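In case it helps, mature numbering (1 follows the signal peptide of the UniProt record, and there is no 0) puts the sequence shown at residues -19 to -1, 1 to 126.
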Amino acid sequence: MQKTLIALAVICLAQLSYAALPLKQFDEPLKTDFQMWHDNCEIYIPGVTQEEINQVRAGRFDTNNQSIKNYAACIWLESKILNTDMVMNKALLDIYMPKKIMEDEYIGYLLCAKKFRKQNIPFADKVFGLIQCNYNRNPNDFTFI
């Protein structure tokens, strides 16, 4: 049976807002791990603001903002859902994905990752493209953490 993936996965912060799914729809592993990823990425990627994160959650992607792109890449790598070859870890997706969207989203996330896998652009740009692709596919179930 095909399972769903999130991006971000996106990639979880203290609250999910705008078009993002509410935190309560996520399973316990994500609720407990997301703050650690966020805290680590704030250390590794200084300069990203909560406002910039909220802008992405709302579907507004500033492709000229290197800090938010680096932050997004950091979150994906911290979660280990995505590696630097843009290959997704299905087992971790199954653990972290909200049950509400499991069946509908998994293939879409894989297709978005594949779309950027072979592009000759920096990893952070690939991840940001993946996030935009996921938003454009289904803004109602979009998650950026």
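Glycine included, each C-beta is placed from N, C-alpha and C at the ideal position. These numbers were taken from a predicted model, which means no experiment stands behind them.
Assumed close pair residue i, residue j - CB separation to whole angstroms, cut-off 8 angstroms
i, j, result
"V37", "I49", "6 angstroms"
"R41", "M67", "Between M67 and R41 the Cβ distance is about 24 angstroms, and since that is not below 8 angstroms, they are no contact."
Rounded straight-line distance, which links the Cα of residue j to that of residue i
i, j, result
"Q16", "N101", "31 angstroms"
"E86", "G28", "31 angstroms"
"Q47", "N115", "19 angstroms"
"W18", "I56", "6 angstroms"
"K96", "R118", "13 angstroms"
"F123", "N21", "23 angstroms"
"A72", "Q31", "29 angstroms"
"L74", "E33", "25 angstroms"
"S60", "I126", "11 angstroms"
"L2", "P120", "Bear in mind that a pLDDT of 48 at L2, under 50, signals an unreliable position, so the number given afterwards is only what the model happens to contain. Computed Cα separation, rounded: 10 angstroms."
Residue i vs residue j beta-carbon contact at 7 angstroms
i, j, result
"F104", "A53", "no"
"A94", "M69", "yes"
"N51", "I26", "yes"
Limits of the alpha helix (DSSP H) - the one that residue i falls within
i, result
"R118", "104 to 118"
"Q47", "47 to 60"
"V29", "Counting along the chain, V29 falls outside any alpha helix (DSSP H), and DSSP gives it neither H nor E."
"I76", "71 to 77"
Best match in the options for proximity to residue i [C-alpha to C-alpha]
i, options, result
"T13", "W57, Y77, N46", "Y77"
"A111", "T30, L63, E32", "One detail in the question is off: residue 111 reads as Leu in this sequence, not Ala. Here the closest residue by C-alpha is L63."
"L58", "T124, V108, F123", "V108"
"D106", "T30, T65, K61", "T65"
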